Amino acid sequence: MARIIDEISRTFSEYLLIPRLTRTNHHVSNVSLRVPVARFKRGSESRFSLNIPFVAASMQSVSGPDMAIALAREGGLAFIYCSQSVEEQAAMVAKVKAYKAGFVVSDSNLRPDATLTEALELRKCTGHSTMVITDNGCKDGVFLGILTDKDYWEFDDDLNRPVSDFMTTKENVVLGREGISLYNANMLLREHKKECLPILDDNGRLHSLVFKKDYVDHLNNPNESLDAKKRIAVGAAINTHDYKERVPALIEAGADVLCLDASDGYSEFQRDAAHWIRDRYGDSVAIGGGNVVESDAFRYLVEEAGLDFVKVGIGGGSICITREQKGIGRGQASALLAVAKERDEYFEETGIYVPLCSDGGLANDTQIIIALAMGADFVMMGRYFAMTSESPTPRVSIGGRIYKPYWGEGSNRARNWQRYNSDGESGLKFEEGVDAYVPVVGSVKEVLDVTLSKIRAAMCNMGSLTIREFSNNAVLTRISEQSFIEGGTSNVLSLDKDVLGKF
Ligand code: MZP
C-alpha cells in the first residue's frame, strides 16, 4: 500500500524567522557569505567555494557567457546550459575562461606587413586596442613588437603603411619570461609604468599577455569566483545521455564545476555518470546532481554516486508545470527541511559535509533568506537572473513595459528532452515547462546588491556571521493566512499601491 508522509508539503512563504540575540560584533560588515560547493571532511576546507551563495540556473534563457562572467565577478557561479551541442557549450565555457585571466592568450595578433587599415579592422572586431605583432601573425608566433592606439593617428597617418612602421619594437618593450608569477608580472608593470606585459617563452615566442587593468579590476571585485589560474570560474550542466562526449570537452574548455541536470535525479543514471567522471578526473572537478526532495534520494546520491553537492527541488520552478503534468514534486520548504536534516545526520555519522543547493521557486528576497536559514548552502535561480540585463534573451516591449523572454527547459522551445527522459528516448511527448516573460530589473550587480544587503541584515538579526551559523541558529515559525496579511501594510493608504496605483 502506498505510504503517505505524515506532513503537508509546505513552501517558504509559510514561514518567518524569529530573531536571536544580536551581539555587538553582529554587524553587516563582519558577515561572510562564503559557502562550500564541494563536499569536505570536518575540519578541512571545501575544494570549491563561493563568496556569495548564488548560482544561476542551467537554462537557455538564463546562463550564457555574459551571465557567467557577471555573476562570477560578484562571487557566484552560473551553470552554462547543456541543451545545446557539445561544441556550442564548450565554446561558451571557453569564452568565459578567456574573458579575463592573469595570463591572457592574445586574441589580437598581426604580421608586421599588415596595414594600419587591417589593424583598425581587427580593433573593431575584437574591441581591443592592444595588438601583438608576431612573425606569422599568430598568438604563438615570434614576438616582434606591440601596437596600441597611442602609436598611430587614425585620421592623419597613411593607413596603407605596414604596422611595423608604427609598432613599439621588441627592444623597447618590457617583457616577462614564461613561468613568471602573476604577482611579479604585475610588479614589472608597476615598476615600468606600463599597461601591458607580453610574456615570451625561451624561443622568443608569445606565450600570453598580462594587463594592468585586470589587476585593478580584480581589486575592485574582491569577491570574484576565480580558478587557480585567476580565470573566471564557471559551471557547466551535463546530462546522463551524452556525458562521455560532453564532459571531456567541457573539462578541456575549463569548466570548474559540473552539475547533472535532471528534473528527477534519484536515478542509477546519475550514479553511473558520476562514477564515470570520477574515475577519469578524480577530485579535479566538483560534481553536483539532483534534483531530489527527500532523504533517501539524498543518501543515494551521496553514498552511491559520491556527489559533491546535491540540488533540492522538484516542481517549484516559476516556469515549471511538472506537478500539474505528472503529479510529482514536493513543497520546496518541506523538501529542503527533510534533505537538510538528512545531510546533518550524514555529517554527524561520517564527518563529511555535503552542501545543498535549493533550486527553483524562490519568488523574492525573503524566500532566499528562508531557504538559507532552512539549510541550503546556496540557491539556484532562473527567474531572478532571467530578469537581468546579462541574461541572453532580447528585451521586448509589452504594454509599454520592458520584458525579457524566459522559458523552461521542459518547454517545447528548449527541446531539452535529456533533462526529462531518463530512458534514452529522444523528444518530448508533453511539456513540463512554459514559455513566459519576466520584467527587466537591472544588472546582475544591481539586483544582487539589494538582495545581499537584506541577507546580511537578516543574519545579524539572527545573531550570525556565517551562513552555517545562520541556519544553525535559525528558529522559524509557521504563519497563518491572517499573519501573512498582517506582514504587509495594513490600515493605511499606501502611496504607491493605493494612491498612485503602481504594481
Ligand atoms: P525559478 O528560479 O525560475 O523559480 O526556477 C528555476 C529552476 O526551475 C531551474 O534551476 C530548474 O531546476 C527548474 N526548471 C527549469 N526548467 C523547468 C521546466 O521547464 C524547470 N519545467 O522546472
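So for the sequence shown, my numbering puts the first residue at 19; every next one is plus one. Where a beta carbon is used, it is the ideal one built from N, C-alpha and C, also for glycine. Everything numeric in this text was worked out from a predicted model, so none of it was measured.
- In the displayed model, Lys422 falls within a strand according to three-state DSSP.
- DSSP links Gly306 through a beta bridge to Cys277 and Phe327.
- With three or more CB-CB distances shorter than 8 Å, the segment 460-469 counts as touching the segment 83-98.
- Ligand 1 approaches Leu380 closely enough that one of its heavy atoms is under 7 Å from the residue's Cβ.
- Taking 7 Å as the cut-off, the C-beta of Ile98 does not count as close to any heavy atom of ligand 1.
- Unbroken alpha helix (DSSP H) stretches of 4 residues or longer found wholly inside the segment 468-504: 485-491, given in chain order.
- Annotation for Phe365: the continuous alpha helix (DSSP H) segment containing it runs Gln350 to Thr368.
- Residue pairing by DSSP places Val150 opposite Asn127 and Ile164 in a beta bridge.
- Separation of the CB atoms of Met77 and Gly400 is rounded to 5 Å, and the pair is thereby assigned contact status at 8 Å.
- For Arg474, the closest alpha carbon among the candidates Ala492, Thr40, Ile22 and Ser47 is that of Ser47.
- Cβ-Cβ distances below 7 Å link Ser81 to Ala74, Ala75, Ala96, Phe97, Ile98 and Tyr99 in the same chain, with the five nearest sequence neighbours on each side left out; the list follows chain order.
- Burial state of Glu105 is exposed, judged by a 10 Å Cβ sphere holding fewer than 16 other Cβ atoms.
- Taking 8 Å as the upper bound for CB-CB distance, Thr152 and Leu200 are not in contact here, some 23 Å apart.
- Cβ contact annotation for Ile497 (same chain, cutoff 8 Å, sequence separation greater than five): Glu32, Tyr33, Leu34 and Gly505, in chain order.
- DSSP links Gly451 through a beta bridge to Cys338.
- Taking Ser313 as the centre and dropping the five residues before and after it, the same chain places the C-beta of Ala356, Val357, Lys359 and Glu360 closer than 8 Å to its C-beta, in chain order.
- In this structure, the straight-line span from the alpha carbon of Cys478 to that of Phe72 is close to 19 Å.
- Check the Cα spacing between Asp219 and each of His146, Arg195 and Ala389: the tightest is with Arg195.
- Taking 8 Å as the upper bound for CB-CB distance, Gly308 and Ser336 are not in contact here, some 18 Å apart.
- Taking C-beta atoms as the reference points, Ile370 and Gly347 fail to come closer than 8 Å.
- Taking Gly222 as reference, the option from Leu354, Leu162, Ala381 and Ala251 with the minimal CA-CA separation is Leu162.
- Collapsing the DSSP output to three states places Ser64 in coil.
- At a Cβ-Cβ threshold of 8 Å, Ile295 and Leu276 count as neighbours.
- In this structure, Ser147 sits near Thr166, with a CB-CB distance shorter than 8 Å.
- In this structure, ligand 1 has no non-hydrogen atom nearer than 7 Å to the beta-carbon of Asp282.
- No heavy atom of ligand 1 is found nearer than 7 Å to the CB of Glu189.
- Taking Asp301 as reference, the option from Asn204, Tyr284 and Asp326 with the minimal CA-CA separation is Asp326.
- Relative to the non-hydrogen atoms of ligand 1, the Cβ of Arg401 comes within a distance shorter than 7 Å of at least one.
- Taking Val397 as reference, the option from Leu39, Pro54 and Pro37 with the minimal CA-CA separation is Pro54.
- Between the alpha carbons of Asp176 and Phe184 lies a distance of about 11 Å.
- Relative to ligand 1, Gly94 has its C-beta separated by 7 Å or more from all heavy atoms.
- In the DSSP annotation of this structure, the continuous segment of the alpha helix (DSSP H) that includes Val265 starts and ends at Tyr261 to Ala271.
- Two segments are said to touch when three or more pairs of C-beta atoms, one from each, lie closer than 8 Å; by this definition the segment 249-264 does not touch the segment 232-239.
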